[in-house]
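See below for the structure under consideration.
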Amino acid sequence: MFKFFRNIAFSDIFVLPSSTETFGNVVLEAMASGVPVIGADAGGVRNIIKHRVNGLKFKPKDSQQLIENREMRDRLKAAGTQSVANRSWDRVFNGLIGVSPTFPTKPPLRD
């Protein structure tokens, strides 16, 4: 796993072209590594990337929108790192628990 994060950290940019990514955890990992991200405006990535704030989004199957811009890359790099600084699995799970129905603390008694 360390090798994976090291390889991401040494990248100039991270692109996730998948339009079916459910959560997009790898986008968060790239942001946490300080790498600017580009992802399809679909699935879970849609909720993680704020276009031109902490990354770039493109219409699925339309790679012409991806352009080279060093100033933007540096800005996205800093904003992406900030975006994931307050994320954690505890917050994700607490958010899920907050929207899910209440679960009983004990199993129901059988008759």
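Just so you know, we're using our numbering here: the sequence shown kicks off at 421 and counts up by one.
For each residue, glycine too, the CB sits at the ideal point set by N, CA and C.
Distance from SER453 to PHE425 at the Cβ level is roughly 6 Å; contact confirmed, criterion being Cβ atoms closer than 8 Å.
Secondary structure of PHE424 (DSSP, three-state): helix. Cβ-Cβ separation between GLY463 and VAL447: approximately 10 Å, too far for a contact (criterion under 8 Å).
Around the C-beta of SER508, fewer than 16 other C-beta atoms lie within 10 Å, and the residue is accordingly described as exposed. Excluding sequence positions up to five before and after PRO437, its CB lies within less than 7 Å of the CB of ALA460, all in the same chain and listed in chain order.
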